[in-house]
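Asker: In UniProt numbering, the protein residues as written are 1 to 58.
Ideal Cβ placement from N, Cα and C applies to all residues, glycine included.
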């Protein structure tokens, strides 16, 4: 079975970036790699779901 991946279009930056984390709690946040490297854990920026367009890819 293939791993499901996500990317997010950040509306304020007008950039497509890889998603590193998804949190479904009170804040409902999307963790996006700010540097563009999906494996980088140092550059994670957090956004609300209203601030990004979340897209699934395989």
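One question on the structure: do residue 20 and residue 33 come within less than 8 Å of each other, judged by their Cβ atoms?
Answerer: Start at 1 with the first residue of the chain shown, and residue 20 comes out as number 20. Start at 1 with the first residue of the chain shown, and residue 33 comes out as number 33. In contact: residue 20 and residue 33 (Cβ atoms closer than 8 Å).
Asker: Can you give me the Cβ contacts of residue 16 inside the same chain, cut-off strictly under 7 Å, excluding the 5 residues immediately before and after it?
Answerer: The residue given as residue 16 occupies position 16 in the chain shown. Here the set comprises 7 and 9.
Asker: Could you spell out the range, first to last residue, of the beta strand (DSSP E) harbouring residue 23?
Answerer: Within the chain shown, the letter at position 23 stands for residue 23. That run of the beta strand (DSSP E) goes 15-23.
Asker: Kindly indicate which residue of 31, 54 and 58 has the alpha-carbon position closest to the one of residue 42.
Answerer: What you label residue 42 is simply residue 42 of the chain shown in a count that begins at 1. Of the candidates 31, 54 and 58, the one whose C-alpha sits nearest the C-alpha of residue 42 is 31.
Asker: Does the distance from the C-beta atom of residue 29 to that of residue 47 stay below 8 Å?
Answerer: As a position in the chain shown, residue 29 is number 29, starting the count at 1. As a position in the chain shown, residue 47 is number 47, starting the count at 1. Yes, the Cβ-Cβ distance between residue 29 and residue 47 is below 8 Å.
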